[in-house]
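Worksheet: the structure to be examined is printed underneath.
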Ligand code: SF4
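Residue numbers (our numbering), protein chains in the order written: chain A, 12 to 210; chain B, 1435 to 1903.
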């Protein structure tokens, strides 16, 4: 996994609550067996009209939102299915940091598995950021994971945020979860013997 | 020892390793695998030169992507076929039990797990699918995981988890007549909201829950994720033990009796403390219909479509307005005046034998309304077989329903069963998200009898006033 330390870039405001994973990537695109290439389908039905043309009203089609790295959204982002295709699609499109007042559990966890940083800010902070980004499309943000700080590059906002220390370390170092767990292989075998479930 | 919740007991019994500040490593007793969320996990294993640690604790089937037409007709979509074939290739020589499209044990993962006796009380169960919460109905800690975690479980038979908090949802007084398990869970979600259970494992307790059959309990636990919860569970009791007894992969004879003795110790101790508690009075519940684009947007059958202006918070108001626009509904329309085009009876929420029996009882001797296309999709090949032995398929066919082969079908718009843009569907599935059942499709979630009655009437009706033949 690619380590995550600092990031700067354009932020896209997606002013919706309860954005579910079916909106992020509809099931019809989950038939592929690869991990990559899902960016083209990201937010499909919102991003494209029925005729396949880009929907000019959707934020990612705004001319000032080029190569966004941050996505700012309403609460309970990523609810619904466990599909990891959702973070894969966001990442493949270029996003590395998602900001919302709250996230659904499985999605939140899936982000960390893929080098995406989900940042939880207060409802008022997200609302203020959302307003700014809607008024100044193309405005840029920066985040420093080590310092747990996120700011707008024009200096208007500086926020600090919480992140679990273990997950933070894994992201900073780009650690592989399975490799970490296999360091405890002996404990797994012990458990299996103790519980009488040895294979 | 201080009193413990059922969740704490199961959790404590599965901790393999614990370091402060890091998630716990918990052992997984049963891992269910399907074609959609596993290919990248197997690829990861291959790239790292790792093997499946416990093929004997892993079970695989195909459900999401399979067509529900007759088995003699092949899968025609080449991308779907490639994914289905990939699973067979990935499983080859691993020793993992695999129920392919033609197997008698094939079906939706969450239907076959309990039905075949794989799922047993006290277990930890995972699957790369959020509705794994279904298995909690047997008194398990069962949760949905992402593909990276699927790979982790395949390689290590463990999962890294921060311990969730506990929440009791106590449903007091019995369920009124005509109010189904589906209505109960829709009512709960309507009350706690779609992220009301976030970070928590819900244990459902109380009279209304205790009196549910296993199939009903599975319906309730299935939709825990729709309330944002990490998992849902119900304490095992005689109903549970009788359900598990005799199933193909359940313990037999003395082993079964010994298992039951262990399972009896699982329920939460008297005085156990939950981090949160919600009490709901079943007497206040009615048959429900969702009107919007998440499962919390729910109304009683005797109610009307709400007016977005009636919502206090601006975000709620906007979401309600967007939902009504998408659903093409006017505020204040009586729910019973909403006409439908399609009916889908199926999905892991409501495709077990009792669901099909309840729906069949409603449609017996009647005809599907002109202009409505209605389908019944059993949750597994075994459920289909059982229903056919009882003649349910004939009742449905005589009424004009299409009787299909087991699979996820129109629950998720991934296989050939999809809504056309603008079509409105009464569905027994669990998600009414935009485009969930097909691009532009409009989903109303209901119980199986409510869906069945809507198929006959052509619009939603109050099942409590239904006259059976
Ligand atoms: S029936 Fe629907 S909810 Fe259940 S596993 Fe299949 S797709 Fe998921």
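C-beta atoms are modelled at their ideal positions from N, C-alpha and C, and glycine is treated no differently.
Cβ neighbours of residue i in the same chain (closer than 7 Å, five flanking residues each side left out)
{"i": "residue 1413(B)", "result": "The structure shown does not extend to residue 1413(B), since chain B is modelled only from 1435 through 1903, so no value can be given for it."}
{"i": "residue 1583(B)", "result": "1593"}
{"i": "residue 1608(B)", "result": "1641, 1642, 1645, 1716"}
{"i": "residue 1598(B)", "result": "1633, 1634, 1635, 1664"}
{"i": "residue 1426(B)", "result": "Any property of residue 1426(B) remains undetermined from this structure, which presents chain B solely from 1435 to 1903."}
{"i": "residue 1893(B)", "result": "1770, 1771, 1772, 1773, 1774"}
{"i": "residue 46(A)", "result": "99"}
{"i": "residue 1902(B)", "result": "1795, 1796, 1798"}
For residue j and residue i, the rounded distance between their alpha carbons
{"i": "residue 1736(B)", "j": "residue 1845(B)", "result": "26 Å"}
{"i": "residue 1777(B)", "j": "residue 1801(B)", "result": "13 Å"}
{"i": "residue 1831(B)", "j": "residue 1810(B)", "result": "10 Å"}
{"i": "residue 48(A)", "j": "residue 1569(B)", "result": "33 Å"}
{"i": "residue 1644(B)", "j": "residue 1651(B)", "result": "9 Å"}
{"i": "residue 1772(B)", "j": "residue 1758(B)", "result": "13 Å"}
{"i": "residue 124(A)", "j": "residue 1741(B)", "result": "41 Å"}
{"i": "residue 155(A)", "j": "residue 1558(B)", "result": "37 Å"}
{"i": "residue 1698(B)", "j": "residue 1524(B)", "result": "39 Å"}
{"i": "residue 1549(B)", "j": "residue 1463(B)", "result": "17 Å"}
{"i": "residue 1839(B)", "j": "residue 1543(B)", "result": "15 Å"}
{"i": "residue 176(A)", "j": "residue 1878(B)", "result": "42 Å"}
{"i": "residue 1539(B)", "j": "residue 1532(B)", "result": "9 Å"}
{"i": "residue 12(A)", "j": "residue 1733(B)", "result": "45 Å"}
{"i": "residue 31(A)", "j": "residue 1691(B)", "result": "44 Å"}
{"i": "residue 137(A)", "j": "residue 1786(B)", "result": "43 Å"}
{"i": "residue 50(A)", "j": "residue 1683(B)", "result": "42 Å"}
{"i": "residue 1749(B)", "j": "residue 162(A)", "result": "24 Å"}
{"i": "residue 1792(B)", "j": "residue 174(A)", "result": "48 Å"}
{"i": "residue 1781(B)", "j": "residue 1812(B)", "result": "8 Å"}
{"i": "residue 1764(B)", "j": "residue 199(A)", "result": "57 Å"}
8 Å Cβ cutoff met for residue i and residue j
{"i": "residue 1657(B)", "j": "residue 1635(B)", "result": "no"}
{"i": "residue 164(A)", "j": "residue 153(A)", "result": "yes"}
{"i": "residue 1729(B)", "j": "residue 1897(B)", "result": "no"}
{"i": "residue 102(A)", "j": "residue 128(A)", "result": "no"}
{"i": "residue 1438(B)", "j": "residue 1704(B)", "result": "no"}
{"i": "residue 1848(B)", "j": "residue 1498(B)", "result": "yes"}
{"i": "residue 1604(B)", "j": "residue 1553(B)", "result": "no"}
{"i": "residue 1797(B)", "j": "residue 1774(B)", "result": "no"}
{"i": "residue 1502(B)", "j": "residue 1766(B)", "result": "no"}
{"i": "residue 1722(B)", "j": "residue 1621(B)", "result": "yes"}
{"i": "residue 68(A)", "j": "residue 141(A)", "result": "no"}
Top-ranked residue by Cα proximity to residue i, from the options
{"i": "residue 1719(B)", "options": "1507(B), 1549(B), 1818(B), 1611(B)", "result": "1611(B)"}
{"i": "residue 1665(B)", "options": "115(A), 189(A), 98(A)", "result": "115(A)"}
{"i": "residue 1747(B)", "options": "43(A), 57(A), 54(A), 134(A)", "result": "134(A)"}
{"i": "residue 84(A)", "options": "37(A), 38(A), 29(A)", "result": "29(A)"}
{"i": "residue 1888(B)", "options": "1808(B), 1647(B), 1856(B)", "result": "1808(B)"}
{"i": "residue 1677(B)", "options": "1659(B), 1503(B), 1649(B)", "result": "1649(B)"}
{"i": "residue 1709(B)", "options": "1743(B), 1600(B), 1792(B)", "result": "1600(B)"}
{"i": "residue 1864(B)", "options": "1617(B), 1826(B), 1479(B), 1674(B)", "result": "1617(B)"}
{"i": "residue 1455(B)", "options": "179(A), 57(A), 89(A), 120(A)", "result": "179(A)"}
{"i": "residue 1904(B)", "options": "1551(B), 1514(B), 1862(B)", "result": "Lying before the first or after the last residue shown, residue 1904(B) is absent from chain B, which here runs from 1435 to 1903."}
{"i": "residue 144(A)", "options": "82(A), 64(A), 181(A), 16(A)", "result": "82(A)"}
{"i": "residue 119(A)", "options": "52(A), 89(A), 157(A), 191(A)", "result": "89(A)"}
Closer than 8 Å to chain A by CB, residue i
{"i": "residue 1875(B)", "result": "no"}
{"i": "residue 1552(B)", "result": "no"}
{"i": "residue 1625(B)", "result": "no"}
{"i": "residue 1751(B)", "result": "no"}
{"i": "residue 1513(B)", "result": "yes"}
{"i": "residue 1846(B)", "result": "yes"}
{"i": "residue 1444(B)", "result": "no"}
{"i": "residue 1585(B)", "result": "yes"}
{"i": "residue 1738(B)", "result": "no"}
Residues of its chain near residue i, where Cβ-Cβ distance is below 6 Å and the 5 sequence neighbours each way are ignored
{"i": "residue 1461(B)", "result": "1448, 1450, 1592"}
{"i": "residue 1663(B)", "result": "1631, 1634, 1636"}
{"i": "residue 1528(B)", "result": "1486, 1489"}
8 Å Cβ shell around residue i - same chain, five flanking residues per side excluded
{"i": "residue 33(A)", "result": "91, 92"}
{"i": "residue 1859(B)", "result": "1774, 1775, 1776, 1777, 1778, 1844, 1853, 1871, 1875, 1876, 1877, 1878"}
Residue-chain proximity (residue i, chain B), Cβ-Cβ < 8 Å
{"i": "residue 67(A)", "result": "no"}
{"i": "residue 177(A)", "result": "yes"}
{"i": "residue 189(A)", "result": "yes"}
{"i": "residue 93(A)", "result": "yes"}
{"i": "residue 192(A)", "result": "yes"}
{"i": "residue 89(A)", "result": "no"}
Along the stretch 1869 to 1893 of chain B, where does the CB come closer than 7 Å to a CB of chain D? Name the residues. No chain D is present in this structure, whose protein chains are A and B.
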